[in-house]
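Residue numbers (my numbering): 6 to 576.
A virtual CB, placed ideally from N, CA and C, is assigned to each residue, including glycine.
Given the structure is predicted, the values throughout are model-derived calculations rather than measurements.
For reference, the structure is listed below as structure tokens.
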RNA sequence: CGGGACGUGGCGCAGCCUGGUUAGCGCGCCUGCUUUGGGAGCAGGAAGCCGGCGGUUCGAAUCCGCCCGUCCCGACCA
């Protein structure tokens with residue numbers, strides 16, 4: 006391919022709108038352009054990267070026995086009413102009406118559509134198991150699109166849905182996908198980790214997320230240093246510390262004046278105690294009323310755990326006014342004693358003896374509060390986020406916290422959608438049974454960004470060979486030198502004939518410009534042909550990211566490059 | 001939605017506080033000449049309803065109000 010003929014609008018400077026590395030570099034490398042917030046154009050090179058990802062995904066999905074289909078982007082509201090998600094899904098679901106006033110949405114996911122398709126077409130156990138996937142544009146009206154392709158509103162996703170006769174079959178399929186996903190991300194050249202995950206609003210019983218490890222990742226994960234336990238922080242269960250419920254201390258409640266002392270840190274400093282002696286009382290509003298959550302001062306509440314415990318979909322910290330109504334005090338002085346709300350306490354709180362809490366009175370706290378004696382706890386549960394100081398819930402080994410970008414998520418759905426939409430089949434005995442479902446997503450466009458978050462330097466992108474838009478950048482020094490020109494044009498044709506993907510920089514630019522652009526684009530191999538090397542019958546080859554050139558005789562160039570590329574593709 | 005920042009040729013920015021006559025700089029773009037191993041030099045040139053609407057004023061990029069858009073931090077998720 007000729008650089009001069011492709012639309013590759015590289016940028017010298019960082020666009021003001023981009024903060025994240027991948028966002029910046031995708032823009033600078035001329036691979037994407039923004040149309041609106043969270044909505045992007047893919048330019049020729051960006052599209053090539055996307056196609057590389059898609060190809061790997063297709064090959065591995067097909068290999069795992071899945072079949073590709075393509076479902077509509079626009080979906081009728083009726084299906085979403087059937088699954089009850091029209092109400093549940095929230096504002097993220099882009100809704101609109103067609104000319105007849107019929108409610109529609111732009112699909113953020115396709116459980117309803119696939120289940121509808123399958124309930125109409127699959128009626129016998131003989132047709133099972135079935136795994137259907139598509140690679141398609143999705144739209145989720147994200148609260149806050151950010152980081153370019155990492156959290157866009159419109160994005161490209163591979164989603165697969167499996168249908169099995171029974172739970173055993175569904176689990177076998179889940180494992181098949183688990184393995185396929187490992188192959189996909191490995192082939193993409195990504196450094197990733199599989200973690201246990203919360204299944205979120207899509208529902209279902211258990212799930213795993215595939216996380217590309219990157220410091221800029223939006224997700225936090227806990228990973229054990231001794232066993233293979235790893236989980237999303239939202240999910241990671243806190244191991245119950247040895248010990249039993251506390252016994253009431255003999256001391257009576259003590260009201261202390263704490264003027265303008267609100268935060269845990271302020272209270273700890275003021276009373277000369279540690280945050281672990283304090284309990285914070287968080288007032289939440291849910292779709293089923295207000296509740297109080299008790300968390301030890303040095304811990305962080307895990308709202309996903311709270312949501313799951315309460316079985317609610319909305320969970321929002323109460324506002325200033327609401328807190329005053331419910332506690333009778335300003336924010337910072339709430340406490341469980343005498344509070345007329347359901348109280349949910351974290352395990353660690355139930356173990357405390359003499360804790361310090363707000364007094365539900367402005368500028369006062371209570372000391373010597375005992376959870377068993379002084380309050381009515383509705384339920385004790387694991388409600389906090391795990392920390393690096395906690396032991397591994399599986400082996401009690403040491404944990405470390407990592408950041409990751411979620412690029413894949415597999416769910417065991419069970420019967421949720423097949424029951425809601427009445428998708429059933431007849432078994433060998435002629436009995437009607439619901440289909441066991443699973444669903445499996447991959448953020449195709451996000452992978453492109455994740456790969457860059459993981460592979461870049463000061464000069465630009467460092468793509469894994471498997472994802473690079475082209476494998477080789479071919480740079481002539483002084484195209485007006487007839488010998489150079491002839492050599493480079495011959496090389497270009499020969500390399501392409503040998504099946505290599507080559508970008509010949511035929512622009513009338515100075516060498517420095519071409520080097521800079523070649524680095525920026527992240528092409529894995531750079532081949533430079535200049536008069537000096539040519540005199541020795543050689544070309545200079547540089548692996549992206551490597552410090553030095555290697556002189557390769559022209560006749561060895563093709564085998565050398567093919568060998569190098571093959572090596573990297575089969576890691 | 002809450003908090004913060006920003007909106008000036010294609011891109012990055014200055015000018016605004018302290019209103020004033022042709023709105024500047026760098027990069028990019030076009031033409032010519034000279035250059036050609038890490039984002040060249042010289043000369044010439046094109047390109048801006050200063051995000052929009054309204055107000056204050058003799059006069060608004062500049063002051064005030066409203067709106068729109070974008071980005072960053074938090075609540076959602078591939």
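message: If the criterion is Cβ atoms closer than 8 Å, does the pair residue 50 and residue 469 meet it?
response: no
- prompt: What alpha helix (DSSP H) runs, 4 residues minimum, are completely inside the segment 477-541?
  reply: 487-502, 516-526, 536-540
- prompt: So what's residue 4 in DSSP terms, helix, strand or just coil?
  reply: As displayed, the chain neither begins before 6 nor continues past 576, which places residue 4 out of reach and without an answer.
query: Counting Cβ pairs, one atom from each stretch, are 3 or more of them under 8 Å apart for the segment 440-459 and the segment 163-175?
result: yes
- request: Check whether the Cβ atoms of residue 539 and residue 507 lie closer than 8 Å to each other.
  value: no
message: Which residues does DSSP list as the beta-bridge partners of residue 129?
response: 431
message: Quick check on residue 82: does DSSP put it in helix, strand or coil?
response: helix
- prompt: Would the segment 417-424 and the segment 111-126 be scored as touching if the rule is three or more Cβ pairs under 8 Å?
  reply: yes
message: Given this structure, state the Cα-to-Cα distance separating residue 467 from residue 76, to the nearest angstrom.
response: 34 Å
- prompt: How is residue 358 classed by DSSP in three states: helix, strand or coil?
  reply: coil
field: Candidates 302, 48, 17, 289: closest to residue 353 by CA position
entry: 302
query: With a Cβ-Cβ cutoff of 8 Å, do residue 342 and residue 379 count as a contact?
result: yes
- prompt: Which of the three DSSP states, helix, strand or coil, is assigned to residue 562?
  reply: helix
- request: Identify the continuous alpha helix (DSSP H) that holds residue 184 and give its terminal residues.
  value: 172-192
query: Given 8 Å as the limit, is there contact between the segment 398-413 and the segment 282-301, that is, 3 or more CB pairs closer than that?
result: no
field: Bounding residues of the beta strand (DSSP E) (the contiguous stretch that carries residue 422)
entry: No beta strand (DSSP E) holds residue 422; the alpha helix (DSSP H) holding it covers 421-425.
message: residue 382 and residue 361 - do their beta-carbons sit closer together than 8 Å?
response: no
task: From the DSSP output, in three-state form, read off residue 11 for me.
output: coil
- request: Identify which residue in 526, 528, 565 has its Cα closest to the Cα of residue 544.
  value: 565
message: Rounded to whole angstroms, what is the Cα-Cα separation between residue 559 and residue 495?
response: 11 Å
message: Could you tell me the alpha carbon to alpha carbon distance between residue 221 and residue 235, rounded to whole angstroms?
response: 19 Å
- prompt: According to the Cβ coordinates, are residue 334 and residue 316 closer than 8 Å?
  reply: no
Outcome for residue 282 when other beta-carbon atoms lying within 10 angstroms are tallied against a minimum of 16: buried
message: Between which two residues does the alpha helix (DSSP H) holding residue 468 run?
response: It is not in any alpha helix (DSSP H) - residue 468 carries neither H nor E in the DSSP assignment.
The segment 384-395 contacting the segment 240-247, beta-carbon criterion three pairs below 8 Å: yes
message: If we require 4 or more residues per run, which alpha helix (DSSP H) segments fall completely within the segment 295-360?
response: 308-315, 325-332, 352-355
- prompt: Quick one: Cα of residue 88 to Cα of residue 311, how far?
  reply: 24 Å
The segment 144-153 / the segment 26-33 touching (three or more Cβ pairs under 8 Å): yes
- prompt: By how many angstroms is the C-alpha of residue 216 removed from the C-alpha of residue 60?
  reply: 20 Å
- prompt: In angstroms, rounded to a whole number, what distance separates the CA positions of residue 83 and residue 123?
  reply: 16 Å
- request: Indicate whether the contact test is met: 3 or more Cβ pairs, each with one atom in the segment 141-148 and one in the segment 96-105, closer than 8 Å.
  value: yes
message: According to DSSP, is residue 59 part of a helix, a strand, or is it coil?
response: helix
message: Please tell me whether residue 8 and residue 555 are closer than 8 Å, where the distance is taken between their beta carbons.
response: no
- prompt: Quick one, which of 130, 37, 63 has its alpha-carbon nearest residue 430's?
  reply: 130
query: Hey, would you say residue 457 sits closer than 8 Å to residue 412, going by beta carbons?
result: no
query: Would a C-beta distance cut-off of 8 Å place residue 272 and residue 370 closer than the cut-off?
result: yes
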